[in-house]
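Chemist: Input: one structure, supplied below.
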Amino acid sequence: MALGARPDGVRRHNRSTLLHRLHTVGPGSRTELAAELGLNRSTIKALVDELAASGLVTERSVEPNGTAGRPSLLVSPRAEALCVLAVDVAVERLTVALVGFGGRILVGRNSPARRGDTEHGVVVERVLAIAETLSLGGLRPVGAAVSVPGIVRRSDGLVHEAPNLRWSEVPLGTLLGDGLGLPVAIGNDADLGAMAEHSRGAARGVGDAVYLSADVGVGGGVITGGVPLRGSTGHVGEVGHMILRPDGRLCYCGCRGCWETEVGEQALCRALSLPEDTSRRRLVAELRGLTEEQVAADAGLAEYARWLGVGVVNLVNLLAPELVVLGGLLAEVPASLLAGVEQRARGRSLVGRAASRAVRIRPAELGAQASLLGAAELAFERVLPNS
Ligand SMILES: [Zn+2]
82 MALGARPDGV RRHNRSTLLH RLHTVGPGSR TELAAELGLN RSTIKALVDE
132 LAASGLVTER SVEPNGTAGR PSLLVSPRAE ALCVLAVDVA VERLTVALVG
182 FGGRILVGRN SPARRGDTEH GVVVERVLAI AETLSLGGLR PVGAAVSVPG
232 IVRRSDGLVH EAPNLRWSEV PLGTLLGDGL GLPVAIGNDA DLGAMAEHSR
282 GAARGVGDAV YLSADVGVGG GVITGGVPLR GSTGHVGEVG HMILRPDGRL
332 CYCGCRGCWE TEVGEQALCR ALSLPEDTSR RRLVAELRGL TEEQVAADAG
382 LAEYARWLGV GVVNLVNLLA PELVVLGGLL AEVPASLLAG VEQRARGRSL
432 VGRAASRAVR IRPAELGAQA SLLGAAELAF ERVLPNS
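Written out as structure tokens, the structure reads:
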């Protein structure tokens, strides 16, 4: 016990640490949990008994491997005991879901949005209407969080700017909080994607990772030393607006040659000689349908991969990640092109060459659900310490 810490404070801390462990890692035996949390057997028993009495966990007997030893009790989170409302506002779709303790999506609705049909008042009304239908069946969320493709102020949920939604200074946290009667946190989509891939996806257990995601825009989230990098504004990772080609295309941000103009959705369409307004479904189908020979022979894709690699080299020099996780449309880029990008990241970056472990580039594991699950994590971060 820390000097001066009060016993009830220590108990609350232990309870919160145990809840967090069960939520992010999943079931564990009492013995494992005691060892991981550095607690003795009687303390872990008392904590687990307390959580079981309040319905947050279940315990069941599992046979040990082999014949020796007593059956041990496996402690599992009960998803239905505690849930949050998670919302992913994307340019082309709106997803609203209830996510249970342990990170499982219990129920969700995914509805397409027509481009340009993302006025914030309409989005707020749709979220409230869908949330109402999801609340049926006795499941009541205790917190909520929303992923938005823009620059947000975490403290009060103000969306400063979300260019691809055409939002500016939208008090989304307040508007939804009033409607839902719940505290609502707002986060940037790539930041939340990074958080989810770090806790449940491709970057699990990795201390230093960069998550890059291309949708209509390109964004990034950074995990450093196991925690998200926030910067002075609470948000870093506008990597889509790194200027790579000062004589390049004009970006909506006012600059020329931003990375987004070279590797965003429209750039990918151009690389495949498709119209820039090609639907997401068609674009993904075209990418998945390419043979290795077609990829190897395509000059447009080679040029696309070159610019993807140039940006990744800059990020590796700047942040020295062990792993770069590619999400959104970037997860659909053919593996042979990504292998080339990885080679470039290792060979052309000073930091990459000096690193004790070569930087790896991997597609995201959570797919289109990364930002939604990240929003759920943001809500749980606030809820678990008080549960
Ligand atoms: Zn830009």
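Just so you know, we're using the numbering used here here: the sequence shown kicks off at 82 and counts up by one. We put the CB at the ideal spot given by N, CA and C, even for glycine. Just so it is clear, the structure is predicted and the values come from calculations on it, not from any experiment.
Which residues mark the beginning and the end of the alpha helix (DSSP H) in which glycine 301 is found?
Modeler: Premise fails: glycine 301 lies in the beta strand (DSSP E), 299-305, not in any alpha helix (DSSP H).
Chemist: By how many angstroms is the C-alpha of valine 227 removed from the C-alpha of leucine 263?
Modeler: Distance between the alpha carbons of leucine 263 and valine 227 is about 12 Å.
Chemist: So, helix, strand or coil for aspartate 289, using DSSP?
Modeler: Of the three classes helix, strand and coil, the one that applies to aspartate 289 here is coil, per DSSP.
Chemist: Is glutamate 346 near aspartate 296, with beta carbons less than 9 Å apart?
Modeler: Yes, the pair counts as a contact, with Cβ atoms nearer than the cut-off.
Chemist: Scan the segment 229-296 and note each continuous beta strand (DSSP E) run of 3 residues or more that stays entirely inside, going in chain order.
Modeler: Counting only runs of 3 or more, we get 232-234, 239-243, 248-251, 265-269 and 290-295.
Chemist: Hey, quick one: how far does the beta strand (DSSP E) through threonine 314 stretch, first residue to last?
Modeler: Segment: none, threonine 314 is in no beta strand (DSSP E) and carries neither H nor E.
Chemist: Would you tell me roughly how many angstroms separate the C-alpha atoms of glutamate 200 and glycine 306, rounded to the nearest one?
Modeler: Each residue's Cα considered, the two are about 38 Å apart.
Chemist: Could you check which residue in Val205, Glu423, Glu131 and Gly282 has the C-alpha nearest to that of alanine 439?
Modeler: Residue Glu423 is the option with its Cα nearest to alanine 439.
Chemist: Quick test of the definition: if touching needs 3 or more C-beta pairs under 8 Å, does the segment 369-389 touch the segment 249-269?
Modeler: The segment 369-389, when compared against the segment 249-269, does not touch it at the 8 Å Cβ threshold.
Chemist: Can we count histidine 322 as close to ligand 1, meaning its CB is less than 8 Å from some heavy atom?
Modeler: Yes, Cβ of histidine 322 sits closer than 8 Å to a heavy atom of ligand 1.
Chemist: So is the beta-carbon of threonine 305 under 8 Å away from any non-hydrogen atom of ligand 1?
Modeler: No, the beta carbon of threonine 305 sits no closer than 8 Å to any heavy atom of ligand 1.
Chemist: From the beta carbon of valine 165, is the nearest beta carbon of chain B less than 9 Å away?
Modeler: Protein chains in the displayed structure number just one, and chain B is not present.
Chemist: The alpha helix (DSSP H) that contains valine 188, what's its start and end?
Modeler: First-last for valine 188: 186-193, but that is the beta strand (DSSP E), not the alpha helix (DSSP H).
Chemist: According to the neighbour-count rule (16 or more other Cβ atoms, all chains shown, within 10 Å of its Cβ), is glycine 85 buried or exposed?
Modeler: A caution first: glycine 85 carries a pLDDT of 49, below 50, which makes its placement in the model too unreliable to give a value.
Chemist: For asparagine 269, is the classification buried or exposed, using 16 other Cβ atoms within 10 angstroms of its Cβ as the cut-off for buried?
Modeler: Buried.
Chemist: How about the segment 334-342 and the segment 279-287: do they share at least three Cβ pairs that are nearer than 8 Å?
Modeler: In short, these stretches do not touch, since the Cβ pair count stays below three.
Chemist: Is glutamate 343 near ligand 2, in the sense that its beta carbon is under 8 Å from a heavy atom of that ligand?
Modeler: Looking at this structure, you won't find ligand 2 anywhere; what it does contain is ligand 1.
Chemist: Using the beta-carbon count (16 or more within 10 Å), is glycine 302 buried or exposed?
Modeler: Counting Cβ neighbours within 10 Å, glycine 302 comes out buried, since at least 16 surround it.
Chemist: Compute the Euclidean distance between the alpha carbons of glycine 91 and valine 265, then round it to the nearest angstrom.
Modeler: With the sequence shown as reference, residue 91 is identified as valine, and glycine is not the correct amino acid for it. Distance between the alpha carbons of valine 91 and valine 265 is about 28 Å.
Chemist: Once you ignore the five residues that flank serine 157 on each side, which residues in its own chain have a CB closer than 8 Å to its CB?
Modeler: The answer, listed in chain order, is Leu103, Gly107, Pro108, Val138, Thr139, Glu140, Arg141 and Gly183.
Chemist: Going by other Cβ atoms of all chains shown within 10 Å of its Cβ, with 16 needed for buried, is alanine 83 buried or exposed?
Modeler: Only weak support is given to the placement of alanine 83: the predicted model assigns it a pLDDT of 49, under 50, and the question is left unresolved by the model.
Chemist: Assuming contact is defined by CB atoms lying nearer than 9 Å, are valine 291 and alanine 277 in contact in what I supplied?
Modeler: Not closer than 9 Å, so no.
Chemist: Tell me the DSSP secondary structure of aspartate 358 in three-state form.
Modeler: If DSSP states are grouped into helix, strand and coil, aspartate 358 belongs with coil.
Chemist: Alpha carbon to alpha carbon, what distance is there between valine 394 and arginine 429?
Modeler: Roughly 7 Å between the two C-alpha positions.
Chemist: Give a single yes or no on whether tyrosine 292 has its beta carbon closer than 8 Å to a heavy atom of ligand 1.
Modeler: No, ligand 1 has no heavy atom inside 8 Å of this Cβ.
Chemist: Throw me the rounded Cβ distance for the tryptophan 340 and glycine 392 pair, which I believe falls under 8 Å.
Modeler: Between glycine 392 and tryptophan 340 the Cβ distance is about 5 Å, and since that is below 8 Å, they are a contact.
Chemist: Exposed or buried, glycine 136, counting other C-beta atoms within 10 Å across all chains shown (16 or more means buried)?
Modeler: Answer is exposed; the Cβ neighbour count stays below 16.
Chemist: Between glycine 390 and ligand 1, is there a pair consisting of the residue's CB and a ligand heavy atom that are separated by less than 8 Å?
Modeler: Incorrect: glycine 390 has no Cβ contact closer than 8 Å to ligand 1.
Chemist: For ligand 1, is there any heavy atom lying closer than 8 Å to the beta carbon of glycine 301?
Modeler: Checking the Cβ of glycine 301 against ligand 1 gives no.
Chemist: Suppose the cutoff is 8 Å on Cβ atoms and the five residues either side in sequence are ignored; what does the same chain contact list for arginine 363 look like?
Modeler: Taken in chain order, the residues that qualify are Leu355.
Chemist: Do valine 170 and alanine 178 count as a contact pair if the criterion is CB distance below 9 Å?
Modeler: Contact flag unset, no.
Chemist: Could you check whether leucine 209 and glycine 260 sit closer than 9 Å to each other, using their CB atoms as the reference points?
Modeler: Contact: yes.
Chemist: Round the Cβ separation of leucine 404 and valine 287 to the nearest angstrom and send it over; I've been treating them as touching at under 8 Å.
Modeler: So it is a contact: roughly 5 Å between Cβ atoms.
Chemist: Would a C-beta distance cut-off of 9 Å place arginine 190 and leucine 215 closer than the cut-off?
Modeler: In this structure, leucine 215 lies closer than 9 Å to arginine 190 by Cβ.
Chemist: Could you compute how far the alpha carbon of proline 327 sits from the alpha carbon of phenylalanine 461?
Modeler: Near 42 Å, if we compare the C-alpha coordinates of phenylalanine 461 and proline 327.
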